[in-house]
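First comes the structure, then the notes that go with it.
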Amino acid sequence: MIYADNAATTRMSDAAIQTMITLSGECYGNASSLYSIGQRAKEVLEQARADVAAVINAEPREITFTSGGSEADNQAIRSAAELGKLKGKKHIISSAFEHHAVLHTLSKLEREGFTVTLLPVHEDGLVRPEELAEAIREDTCLVTIMYANNEIGTIQPIRELGAICRERNVLFHTDAVQAIGHISVDVVRDNIDMLSASAHKFHGPKGTGFLYAKKGIRLTSLIEGGAQERGRRAGTENVPAIAATATALKEAAATLEEHAEATAKKRDRLIAGLSQIPHSALNGDAKKRLPSNVNFCFEGIEGESLLLLLDDRGIMASSGSACTSGSLDPSHVLLAIGRVHDVAHGSLRLSIGDDITDEEVDYLVKNVGEVVSYLRGFSPIWRDLTSGKKPFIL
Ligand SMILES: *Cc1c(COP(=O)(O)O)cnc(C)c1O
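Going by this note's numbering, the first residue of the sequence shown is number 11, and it counts up by one from there.
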């Protein structure tokens with residue numbers, strides 16, 4: 011069995027599981043209570059905040075714990091929009107291949123009178139800094155561009171994009187859910203004002219994440235209630251899950267360089283192997299991508315059938331993103347980088363773990379190759395392509 015869907019979610023690390031189990035039993039106090047077990051929970055919470063902040067070079071008070079990446083994205087964008095509205099600035103810039111947590115929040119704001127510009131993503135899966143510079147207007151209140159894409163893994167020139175925003179005095183948010191714990195992220199170096207992270211993408215628990223907001227940025231609370239998280243998010247804190255988030259992130263940070271390097275080698279072996287399949291193409295730049303991400307299009311097949319047959323062979327992968335699988339629309343990410351519908355339908359994302367072996371990579375290559383030719387054997391589109399009725403695109 012090979013789990014190659016780490017971009018959808020990761021297995022919790024043993025240390026994170028241990029933290030969560032131990033604290034669930036021992037540290038059940040409410041962090042707002044004044045007696046000792048409450049204060050103990052508060053200490054654990056604040057230690058986790060300090061640990062998480064240190065990994066991204068932030069200050070503890072700049073971290074707000076949330077229910078995950080989606081909530082952090084919603085809160086960052088809502089907060090910037092509220093601040094913009096106060097100054098009469100109602101223009102937001104983003105990119106065409108953001109996660110739906112960002113895109114759907116932006117659509118909602120459009121219905122509330124905001125104007126949104128989506129920067130194009132080029133064939134290499136990257137936005138161009140000069141196109142951002144051109145798109146910024148007098149009334150721009152926010153730029154939100156993801157650190158690394160969840161489907162094709164491409165890593166944006168975040169430091170440059172952030173520098174442009176700084177120079178033009180516009181807030182810069184990045185959805186760093188796929189990047190944190192996998193590649194180096196530093197909010198100071200990268201000129202980031204706000205950043206979203208999710209624990210279950212770096213071997214922490216599901217339903218927990220955090221929002222970094224540079225000090226001085228007033229966050230709008232999405233949930234009304236108590237004064238937890240300094241009034242930025244109501245609700246009793248899930249201390250065991252938050253502590254497990256810190257455990258997982260510290261662990262990931264401690265081994266980040268070596269894991270990234272080793273995983274990138276496996277990724278490149280996988281890319282080289284899959285490139286041998288005729289009429290296939292890698293999606294996104296080969297090098298400016300997450301060490302774990304491989305995403306291909308195979309002409310003449312359906313991604314869904316590919317996934318089912320791979321599952322029969324013990325391979326867990328994805329086609330498009332988990333959230334859009336099940337719908338027949340091709341991935342908005344693949345369309346954004348210029349893949350036509352027919353080609354985008356035949357996509358496969360393999361997001362490997364850092365413990366994958368060369369033998370497992372070779373098993374993936376062999377089985378994907380076999381399943382692709384098998385499916386092409388009875389695909390009407392493939393018949394049209396091979397008989398010359400339709401031209402090959404890839
Ligand atoms: C997974 C993911 C999210 C959503 O995070 P959740 O914690 O699952 O809500 C947001 N953005 C990106 C890029 C993601 O990969």
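Cβ atoms here follow ideal geometry from the backbone N, Cα and C, with glycine treated the same way.
Closest to L93 by CA distance: which of S357, A143, A262 and L181 is it?
Nearest option by C-alpha distance: L181.
N-terminal and C-terminal residue of the alpha helix (DSSP H) that N160 is part of:
Note, N160: premise wrong, no alpha helix (DSSP H); not H, not E.
Compute the Euclidean distance between the alpha carbons of A58 and F75, then round it to the nearest angstrom.
For the pair A58 and F75, the Cα-to-Cα distance works out to about 10 Å.
Look up D24 in the DSSP assignment and say whether it is helix, strand or coil.
Looking at D24 - three-state DSSP - the assignment turns out to be helix.
Under DSSP, the beta strand (DSSP E) around R393 begins and ends at which residues?
Run containing R393: none in the beta strand (DSSP E); it sits in the alpha helix (DSSP H), P390 to T396.
List the endpoints of the continuous beta strand (DSSP E) containing A223.
Its beta strand (DSSP E) spans residues G219 to A223.
C-alpha distance - L319 paired with P215, whole-angstrom precision
Approximately 29 Å, taken between the alpha carbons.
Okay, do the stretch 142–158 and the stretch 42–57 touch, 3+ Cβ pairs below 8 Å being the bar?
No: fewer than three Cβ pairs fall under 8 Å.
Distance, A91 Cα to I193 Cα:
I193 and A91: Cα-Cα distance of roughly 29 Å.
Return the chain-ordered list of same chain residues with a C-beta closer than 6 Å to the C-beta of E3, the five sequence neighbours on each side being excluded.
Any property of residue 3 remains undetermined from this structure, which presents the chain solely from 11 to 404.
Do T230 and S89 count as a contact pair if the criterion is CB distance below 8 Å?
The Cβ atoms of S89 and T230 lie closer than 8 Å to each other.
Taking all protein chains shown into account, do 16 or more other C-beta atoms lie within 10 angstroms of the C-beta of N179, making it buried, or fewer, making it exposed?
Exposed is the call here.
Could you give the C-beta distance for Y13 and M326, rounded to a whole number, given that I count them as a contact under 8 Å?
About 5 Å separates the two Cβ atoms, so the contact holds.
Checking the sheet assignment: what are the DSSP bridge partners for M30?
Note: M30 sits in no beta bridge, so no partner.
Could you spell out the range, first to last residue, of the beta strand (DSSP E) harbouring A207?
Its beta strand (DSSP E) spans residues M204 to S208.
Which first and last residues belong to the beta strand (DSSP E) in which A296 is found?
A296 -> no beta strand (DSSP E), and no H or E assigned at all.
Can you tell me whether G78 sits near ligand 1, meaning its C-beta is under 7 Å from at least one heavy atom of the ligand?
Yes.
Just checking my contact of V137 with S105 at CB under 8 Å: how many whole Å lie between their CB atoms?
Correct: roughly 5 Å between the Cβ atoms.
Going by C-alpha to C-alpha distance, which of D364, S397 and V371 sits closest to R21?
Per the Cα distances, D364.
Counting along the chain, where does the beta strand (DSSP E) carrying L358 start and finish?
Start and end: S357 to S361.
If you follow the alpha helix (DSSP H) that C175 is in, where does it begin and where does it stop?
From DSSP, the alpha helix (DSSP H) with C175 extends over I168 to R178.
As assigned by DSSP and simplified to three states, the class of N84:
Taken through DSSP and simplified to helix, strand or coil, N84 comes out as helix.
I need the boundaries of the alpha helix (DSSP H) containing S46, first residue and last residue.
Membership of S46 in the alpha helix (DSSP H) is indicated by the continuous run S46 to V65.
P401 versus G387 - alpha carbon distance
Across the structure, P401 and G387 are spaced so that their CA atoms are roughly 18 Å apart.
Which residues in the same chain have their Cβ closer than 6 Å to the Cβ of H183, if we skip the five residues on either side of it in sequence?
Once the five neighbours on either side are set aside, the close Cβ partners of H183 are A86, T154 and M204.
Using 10 angstroms around the beta-carbon of D372, count the other beta-carbons present and answer buried if the total reaches 16, otherwise exposed.
Classification for D372: exposed.
Pairwise C-alpha distance: S328 and D339:
Distance between D339 and S328, taken at the CA atoms: about 15 Å.
Beta carbon of V378 nearer than 8 Å to that of L284
Taking 8 Å as the Cβ cut-off, V378 and L284 qualify as a contacting pair.
Counting C-beta neighbours from all protein chains within 10 Å, is the total for C333 16 or more, i.e. buried, or is it exposed?
With a pLDDT of only 47 at C333, under 50, the local geometry of the prediction cannot be trusted, and no value is derived from it.
Within 7 Å: the Cβ of V304 and any heavy atom of ligand 1?
No, the beta carbon of V304 sits no closer than 7 Å to any heavy atom of ligand 1.
Tell me whether the beta-carbon of Q188 lies closer than 8 Å to the beta-carbon of A63.
No, Cβ-Cβ distance for Q188 and A63 is not below 8 Å.
Following a CB-centred definition, is H109 positioned closer than 7 Å to any heavy atom of ligand 1?
Correct: H109 has its Cβ closer than 7 Å to ligand 1.
Quick one: is the Cβ of K224 within less than 7 Å of any heavy atom of ligand 1?
No.
Rounded straight-line distance, which links the Cα of K99 to that of I362
Spanning the two alpha carbons is a distance of roughly 42 Å.
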